[in-house]
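For reference, each letter of the sequence shown is one residue, going -22 to -1, 1 to 403 in mature numbering (1 follows the signal peptide of the UniProt record, and there is no 0).
A short worksheet on the structure shown next.
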Amino acid sequence: MSARPAAWVLFLAALFGCLQLANVTGRDTPDSRNYLSYALSLGGADKTEAAGRSIAYVCASRGETASRNHSVDVRRFRAPDPGPGVRAECDRYYDGSVGKRLDAGQTSGWTAPFMSERFMRIFEVRPGYPLLLLPFVTVFGVTWGLWAAGVCVAAAGGVLVFLILRTLDVPVGAALTGQALYYVLPTGATAMRPMTEGTMMALTLAALWGCALVLRGRRAAPLVALSLALLFTVKHSQALFLAVCLAGACCVIGVHRRRSGRPVGDAVKTLLKVAVGAAAGTVLLARLLHYPSESDSLQDLLTDHFLRPDRERPWREFLHLSVNFWTEWLRRQLVEPLFLALVGVGAWGALRARPAFGVVLLGAAGTGVLSIAAHPDIAIGRLMVMVWLVPVVGVPLLFAQEGFRPRNPFPPRPRGLRPRTPASR
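Okay, structure coming up:
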């Protein structure tokens, strides 16, 4: 990469980071407390300190969010600020609930006991993201450390989009457009939140970059394998989904080429071997390490994080919920079809410009569909964020195609010719 394009890439990343100063807190989710306490424990804090600092961050964020919402409430904005009260109530609740579990001896593992041991086990097997947070929260503290980690993860995702597009011979301007799309679409906002989705997107993009390099004849299979291995430490189910989807994409490419009378190619065979090996390795390693199974995930979904008794017929209830979920999801998307339209345009652009890579891109995006299918909760849209990678990469590919030029409806009149008028005729 020459100096000028690199300067533009860094400028976009820095501009994105500066814009995020508008909201340093208030991005957390219920999962954030678990990852934060995990990171603090890795840094040497005991359970009481890790829980206390995590509670302080979460409650301060909720208090500030309540103050912001109150300030624009047309009925209550004249009333006293409820933020301090919300923060105090949050502190009392968590101090009581977590304190009871600590007193009862729930001190195993790396996470603070915000919930039952069975639920916290789900986060215990995800050390990758807490390890990423560790240096940031150690140097900058909890609040600014989580913000800085989010900026770095989101910025890295945009840079990887640029590298993918440049590997596919997309002009610099279109590649920068892809980087900007990553920042302004829900991918950027999701990557900024203190949870695993941003890191998973970055590692997925790293794997896609490796696939693009392999398809272009480069020896980048180790990059794909390394990305899948790191993804296993962040969320092993996502690593399995990505490996399976990449293997499926390679099979689709191979079958199409065989039917067209063309050789499959060493690049596709190499990617298929890596993907199949990663999928098999993920399953075997998860079993050897006794990671939570799909049955545990299913009961977690149906029992509200194990707060209710296990369901006797979980799969039957799951299928019923899934039908309801996809019906409602499709209804909402048809009412506001921007998501479907952008995904359709991106898929068309990727398949038209780079068919083989387009299939791989759609396979990687399919992990978002698998994630939400495995956890059909209409209130958690972030699980499908991987699908947004299709317009992020596909739209620049569409507009960068040679010969794709909008036709001017008012072409210039040839010089030297006078318009014909009734008089001249």
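For glycine and all other residues, C-beta sits at the position ideal for the given N, C-alpha and C.
Separation of residue j from residue i, as counted between CA atoms
| i | j | result |
| --- | --- | --- |
| G239 | L308 | 39 Å |
| S215 | L297 | 20 Å |
| T121 | E42 | 13 Å |
| R(-19) | T155 | 15 Å |
| L280 | Q379 | 47 Å |
| R196 | A245 | 9 Å |
| A(-16) | Y160 | 18 Å |
| F118 | L124 | 9 Å |
| F114 | A132 | 15 Å |
| A127 | G(-6) | 11 Å |
| L361 | G346 | 6 Å |
| Q277 | F(-12) | 46 Å |
| G136 | V370 | 9 Å |
| V252 | Y71 | 48 Å |
| S205 | L376 | 27 Å |
| G243 | L340 | 20 Å |
| A343 | W187 | 14 Å |
| S271 | P172 | 25 Å |
| A(-10) | E290 | 50 Å |
| R194 | R310 | 39 Å |
| V76 | A203 | 39 Å |
| D274 | I350 | 16 Å |
| F284 | F92 | 13 Å |
| C229 | A66 | 56 Å |
Collapsed DSSP secondary structure at residue i in the structure displayed
| i | result |
| --- | --- |
| D81 | helix |
| Q379 | coil |
| residue 409 | Because residue 409 is not part of the residues shown, which for the chain are -22 to 403, the question remains open. |
| F388 | The pLDDT assigned to F388 is 48, lower than 50, so where the model puts this residue is not dependable, and the model offers no usable value. |
| K213 | coil |
| P58 | coil |
| H48 | helix |
| F(-12) | helix |
| R104 | coil |
| E314 | coil |
| V370 | helix |
| P(-18) | helix |
| A17 | helix |
| V148 | coil |
| G128 | helix |
| G119 | coil |
| R53 | coil |
| Y269 | coil |
| M93 | coil |
| residue 405 | No answer is possible for residue 405: it lies beyond the span of the chain, which begins at -22 and ends at 403. |
| I356 | coil |
| P8 | coil |
| G41 | helix |
| D24 | coil |
| A158 | helix |
Neighbour-count burial assignment, residue i, 16 or more Cβ in a 10 Å radius
| i | result |
| --- | --- |
| G381 | Here G381 scores only 47 on pLDDT, less than 50, and its place in the model should not be relied on; the value that follows carries that caveat. Exposed. |
| E175 | buried |
| A334 | buried |
| Y13 | buried |
| I358 | exposed |
| P374 | buried |
| Y16 | buried |
| G6 | Just to set this straight, residue 6 is Asp in the shown sequence, not Gly. That one is buried. |
| K78 | exposed |
| P200 | exposed |
| K213 | buried |
| W366 | buried |
| V233 | exposed |
| R332 | buried |
| S39 | buried |
| R237 | exposed |
| A158 | buried |
| P287 | exposed |
| R54 | exposed |
| G106 | buried |
Endpoints, the alpha helix (DSSP H) within which residue i is located
| i | result |
| --- | --- |
| residue 407 | Absent from the structure is residue 407, since the part of the chain shown begins at -22 and ends at 403. |
| N1 | It is not in any alpha helix (DSSP H) - N1 carries neither H nor E in the DSSP assignment. |
| residue 413 | With the chain represented from -22 up to 403, any question about residue 413 goes unanswered, as that position is not in the structure. |
| I350 | 333 to 352 |
| D244 | 244 to 266 |
| P164 | 164 to 170 |
| R291 | Segment: none, R291 is in no alpha helix (DSSP H) and carries neither H nor E. |
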